[in-house]
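Residue numbers (the working numbering), protein chains in the order written: chain A, 1 to 116; chain B, 1 to 115.
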């Protein structure tokens, strides 16, 4: 079974703090993703990565950065946390598409971040 | 661009009732289609999938059939249980060549099943 783990289930930070959210997957997946989930807005893609050191902006990258130094690990960084970044953050991973196949994403349990 | 529209919730059903959650999509070509489920306080789990027209995905008593002619992927279950209470998301990955892997989600439908 694919396992995607996130470093914290709940996190409380103060405005202006630098925040690191860590995600690790154990199935050698090429792709990794960070989403945020808000009531009424559904899931929105922040960043994704299709290889080590490679990253692409998603729909809402402003205020976030990412790091992928190893294949199994994908970090989301809030350089200076703000209250509007209070949200549920979900990490996911998948195999790289190819040969007409599109692979499903596997999700971690989520990190509920509160910024005070 | 690609989009997924699913019925607004919340949906409240009695135990053993029949469930349908409607999902329609807009995409070019033949996207892959998915249903994910999110139980309270947890991440998303893949419930079922279909990768080509007329495919039927099924899991845990849930079913959905990929209908190209109506661009739909409706989720059904014959007899719901209290443990099915969750939020259900319809999603697609477009078919647009190599490297196509970004999921487009619907807004989610919250299901509550009462005893």
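C-beta atoms are modelled at their ideal positions from N, C-alpha and C, and glycine is treated no differently.
Keep in mind the model is a prediction, meaning the values are calculated, not measured.
Keeping to the same chain, check which residues put their C-beta closer than 8 Å to that of residue 82 of chain B; ignore five residues upstream and five downstream. As a working note, residue 82 of chain B is residue 82 in the second chain. For residue 82 of chain B, same chain residues with a beta-carbon under 8 Å away, outside a window of 5 residues either side, are 15, 113, 114, 115 in chain order.
Please list the partners that residue 43 of chain B has in chain A, where partner means a Cβ-to-Cβ separation under 7 Å. The residue labelled residue 43 of chain B in the question sits at position 43 within the second chain. Neighbours of residue 43 of chain B on chain A, chain order: 90, 107, 108, 109, 110.
Any idea what DSSP makes of residue 24 of chain B, helix, strand or coil? Against the second chain, residue 24 of chain B aligns to sequence position 24. DSSP places residue 24 of chain B in strand when its eight states are reduced to three.
Verify whether the separation of the beta carbon atoms of residue 74 of chain A and residue 32 of chain A is less than 9 Å. In the first chain, residue 74 of chain A corresponds to position 74, counting from 1. In the first chain, residue 32 of chain A corresponds to position 32, counting from 1. Their beta carbons are under 9 Å apart, which means residue 74 of chain A touches residue 32 of chain A by this criterion.
Residues bridged to residue 64 of chain B [DSSP beta-bridge criterion]: Indexing the second chain from 1 puts residue 64 of chain B at position 64. Bridge partners of residue 64 of chain B according to DSSP: B/57, B/75.
Find out if the Cβ-Cβ distance for the pair residue 43 of chain B, residue 109 of chain A is shorter than 9 Å. On the second chain, position 43 is the one that residue 43 of chain B refers to. On the first chain, position 109 is the one that residue 109 of chain A refers to. Contact flag set, yes.
Quick one: complete beta strand (DSSP E) runs, 3+ long, within the stretch 53 to 110 of chain A? 54 to 57, 65 to 70, 73 to 78, 87 to 94
Using C-beta distances below 6 Å, list every residue in its chain close to residue 69 of chain A, excluding the 5 sequence neighbours before and after it, in chain order. Taking the first chain and counting its residues from 1, the one referred to as residue 69 of chain A is at position 69. Cβ within range, chain order: n/a, list empty.
With H, G and I counted as helix, E and B as strand and the rest as coil, what does DSSP make of residue 80 of chain B? One-based indexing of the second chain puts residue 80 of chain B at position 80. Looking at residue 80 of chain B - three-state DSSP - the assignment turns out to be coil, as it is neither helix nor strand.
Bounding residues of the beta strand (DSSP E) (the contiguous stretch that carries residue 51 of chain A): Residue numbering aside, residue 51 of chain A sits at position 51 when the first chain is read from its first letter. First-last of the beta strand (DSSP E) with residue 51 of chain A: 42 to 51.
Do you know offhand how far residue 38 of chain B's Cα is from residue 105 of chain A's? Locating residue 38 of chain B in the second chain gives position 38, counting from the first residue. Locating residue 105 of chain A in the first chain gives position 105, counting from the first residue. Distance between the alpha carbons of residue 38 of chain B and residue 105 of chain A: 14 Å.
Can you pull the chain A residues whose beta carbon is under 7 Å from the beta carbon of residue 57 of chain B, in chain order? Here residue 57 of chain B refers to the residue found at position 57 of the second chain. Within 7 Å Cβ-Cβ: nothing; residue 57 of chain B doesn't reach chain A, min ~11 Å.
Does residue 20 of chain A come out as helix, strand or coil in the three-state DSSP assignment? Position 20 of the first chain, counting from 1, holds the residue named residue 20 of chain A. It is a strand residue.
Could you pull out every residue in the same chain whose Cβ sits closer than 8 Å to the Cβ of residue 107 of chain A, ignoring the five residues on either side in sequence? Against the first chain, residue 107 of chain A aligns to sequence position 107. If we look at residue 107 of chain A and ignore the five residues flanking it on each side, its Cβ neighbours are 4, 90, 91, 92.
Report back the beta-carbon spacing between residue 56 of chain A and residue 25 of chain A to the nearest angstrom; my notes put them in contact at under 8 Å. Numbered from 1 along the first chain, position 56 holds the residue referred to as residue 56 of chain A. Numbered from 1 along the first chain, position 25 holds the residue referred to as residue 25 of chain A. Contact doesn't hold; Cβ gap of about 18 Å is too wide.
Check whether the Cβ of residue 104 of chain A lies closer than 9 Å to any Cβ atom in chain B. In the first chain, counting from the first residue as 1, residue 104 of chain A sits at position 104. So yes, residue 104 of chain A belongs to the interface.
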